[in-house]
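Numbering of the sequence shown is given in this note's numbering, commencing with residue 2 and proceeding in unit increments.
By construction, the Cβ of each residue, glycine as well, lies at the ideal position given by its N, Cα and C atoms.
Owing to the predicted nature of the structure, the values given are computational and were not obtained by experimental measurement.
Worksheet: the structure to be examined is printed underneath.
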Amino acid sequence: MDNARKYTNRLLELCDDGLVDPKSLLESSLQWLSEDAVQGLCERLELTRMMFPVKCSYCDQIISDSDDEQEDDDGDPMHSECWHDLEQDIAQAKAEREEYEREQGPSPEQEAREVFNDKLEMYRNEY
Ligand SMILES: [Zn+2]
């Protein structure tokens with residue numbers, strides 16, 4: 002069992018002694034590993050968030066590990082807080098549009114649709 006890490010421990014000693022360049026050793030080691038193994042190593046070391054920062058689709062800030070996170074309707078990452086803000090924005094925009102429509106009366110499209118539906122109804126009653 003002592004032999005199992007014989008080469009690993011010796012390589013680390015040689016790095017400590019300055020006889021092996023740690024960066025060259027790392028590069029060689031990463032080349033030796035498959036791309037999947039490198040990914041697995043990064044995930045194991047919890048480096049992926051630092052390596053590939055994820056931005057909030059709402060506020061464009063980087064979402065850190067400690068942030069509460071969720072996905073929007075398109076599956077894009079968002080802060081939970083921003084999700085709450087977005088819901089409020091949507092509700093407010095909807096309320097403003099309803100208010101606007103109440104003040105303006107029916108839009109030309111709505112009126113046209115109503116006229117069309119009335120005519121359709123008349124046509125149906127005739128035939
Ligand atoms: Zn955000």
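Buried versus exposed call for residue i [16 or more other C-beta atoms within 10 Å across all chains shown]
i	result
methionine 79	buried
isoleucine 91	exposed
isoleucine 64	buried
Neighbourhood of residue i by C-beta, 8 Å cutoff - its chain only, sequence neighbours within 5 removed
i	result
aspartate 73	Ser58, Tyr59, Met79, Trp84, Leu87
cysteine 43	Thr49, Met52
aspartate 69	His80, Ser81, Glu82
glutamine 62	Lys56, His80
Neighbourhood of residue i by C-beta distance below 6 Å, restricted to the same chain and skipping five residues each side
i	result
cysteine 16	Pro23
aspartate 18	none
In chain order, which continuous runs of the beta strand (DSSP E) of length 3 or greater are located wholly inside the region 59-114? Here the runs fully enclosed are 70-72, 78-80.
Please give me, in chain order, every unbroken run of the beta strand (DSSP E) with length at least 3 that falls completely inside the region 28-58. Taken in chain order, no unbroken stretch of beta strand (DSSP E) lies wholly in the region 28-58 with a span of 3 residues or more.
Can you list the residues near ligand 1, meaning Cβ strictly closer than 5 Å to any non-hydrogen atom, in the order they appear in the chain? That query returns the following residues: Cys57, Tyr59, Cys60, His80, Cys83.
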